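Enquirer: Read in order, the letters of the sequence shown correspond to residues 0 to 335 in numbering that gives the first Met the number 0. Even glycine gets a Cβ: it sits at the ideal position worked out from N, Cα and C. Owing to the predicted nature of the structure, the values given are computational and were not obtained by experimental measurement. Take a look at the following structure, please.
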Amino acid sequence: MKKILVTGAAGFIGFHLSQALLIRGDAVTGIDNLNDYYDVNLKGARLSQLENNNNFRFVKAGIGNREMVEHVFKEGTFDVVVNLAAQPGVRLSLKNPYSYIDSNIVGFTNILEGCRHNGVKHLVFASSSSIYGTNVKTPFSVSDNVDHPVSLYAASKKANELMAHTYAHLYGLPCTGLRFFTVYGPWGRPDMAYFSFTKAILEGTPIDVYNFGDMKRDFTYIDDIVEGIIRVTDHAPRANPEWDRTHPDPGSSYAPYKLYNIGNNHPVELTRFIEVLETNLGRKALKNMLPMQPGDVPITYADVKDLMRDVGFKPVTPIEEGIKKFVEWYKAYYRV
């Protein structure tokens, strides 16, 4: 049994990860502020499932609360920390930038300090595919330069990677950053397009399709994301003895630090994704075609060679299977 702290435990990925860790017999402490960025009742429903397990302990707090985070670490004696707590979303960062600094920068500093002072053996933290910004070389590799983000959200995730590397260098803290690619599935986030599309299609209201539908996303099913996280969690990084300071690879380091993409390695056109939704819902979507939104990118596409090499895994769930499971959950949860 490992003792694992999962931040953002009532969130979409945090809930599924905590559930999987509990099933395999780990002791999980979850922390979440249960904010109202989206439906708090959905977060509560996820949490109630986790609390049925005696090996789960929940702390209601935001990671930006320094005193509370310090208290959680001192009480916990964690082997591994998985930081999934963050202010998500590209478009909100245009309207409320301070929430991203408070959670994604200040909060992450509190997590790093907690790991540093309390003997944590491995910090795994969520980054994002949005970090690739305007990159045009595909598939996106962790060895690519990512110095040109196009949203504050992406910039905050890039900052997290730099901050983690600093702690790996200064204090020998093993840190692994995971760049997630468009995660979807049951118990998902209502602010994500596939979730809001489903609601609108069932209600017969139009959906906003940006860039006139000319978008591609590496849609990655939640079970694949969780499998990738768990495998990485059990595989703490070591210093790369072949790391070359004259030709530095951003994806690894002379310090115990590593980055991985977790994506389906198969970008799907947004219009095709909508078609699969329509098939499973038995209804056609009313489409409101719109131009590209600030902060958006036209394509995401994950190179997962490093993940396959190091932990022997790559996401494989096709959207036809993943969307079917999501729609089944949606209809059951909302009693459609």
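For D222, I'd like the list of residues in its chain whose CB is within less than 8 Å of its CB, leaving aside the five on either flank, ordered along the chain.
Expert: Result list for D222: H15, G184, T316, in chain order.
Enquirer: Check whether the Cβ atoms of L83 and G13 sit closer than 9 Å, and answer yes or no.
Expert: In this structure, G13 lies closer than 9 Å to L83 by Cβ.
Enquirer: Between the Cα of F343 and the Cα atoms of N34, T270, A8, S128, which residue gives the shortest distance?
Expert: There is simply no residue 343 to check, as the chain begins at 0 and stops at 335 in what is shown.
Enquirer: Just to confirm before moving on: does the CB-CB distance between N40 and E69 stay below 9 Å?
Expert: no
Enquirer: Flag this pair as touching only if the stretch 144-153 and the stretch 127-136 have three or more C-beta atom pairs under 8 Å; answer yes or no.
Expert: yes
Enquirer: Which of the three DSSP states, helix, strand or coil, is assigned to H121?
Expert: Look at H121 here: in three-state DSSP terms it is strand.
Enquirer: By the 10 Å Cβ neighbour count, where 16 or more other Cβ atoms means buried, how is Y36 classified, buried or exposed?
Expert: Flag for Y36 reads buried.
Enquirer: How would you write the range of the alpha helix (DSSP H) that I261 sits in, first residue to last?
Expert: It is not in any alpha helix (DSSP H) - I261 instead sits in the beta strand (DSSP E) that spans 256-261.
Enquirer: If V258 and R178 are in contact, beta carbons under 8 Å, what's the gap, nearest whole angstrom?
Expert: Looking at the sequence provided, one finds Leu at residue 258 rather than Val. Yes, they are in contact, since the Cβ atoms of L258 and R178 sit about 7 Å apart, within 8 Å.
Enquirer: Report all residues from its chain with a CB closer than 6 Å to the CB of V81; omit the five preceding and five following residues, and keep chain order.
Expert: V5, V123
Enquirer: Does the Cβ of L172 have 16 or more other Cβ atoms within 10 Å, making it buried, or fewer, making it exposed?
Expert: buried
Enquirer: Looking at the structure shown, is D143 part of a helix, part of a strand, or coil, going by DSSP?
Expert: coil
Enquirer: Do the CB positions of T299 and T181 come within less than 9 Å of each other?
Expert: yes
Enquirer: Please work out which residues of its chain come closer than 8 Å, Cβ to Cβ, to V267, disregarding the five sequence neighbours upstream and downstream, and give them in chain order.
Expert: Closer than 8 Å at the Cβ level, and outside the excluded window around V267, lie K215, R216, D217, F218, I318.
Enquirer: Enumerated in chain order, which unbroken segments of the alpha helix (DSSP H) with a length of 4 residues or greater are wholly contained in the stretch 144-213?
Expert: Within the stretch 144-213, the complete alpha helix (DSSP H) runs of at least 4 residues are 151-170, 192-202.
Enquirer: Quick check: the Cα distance between S155 and N117, rounded to an integer number of angstroms?
Expert: The alpha-carbon atoms of S155 and N117 are separated by roughly 25 Å.
Enquirer: With distances taken from CA atoms, which of E74, G29, R65 is nearest K59?
Expert: G29
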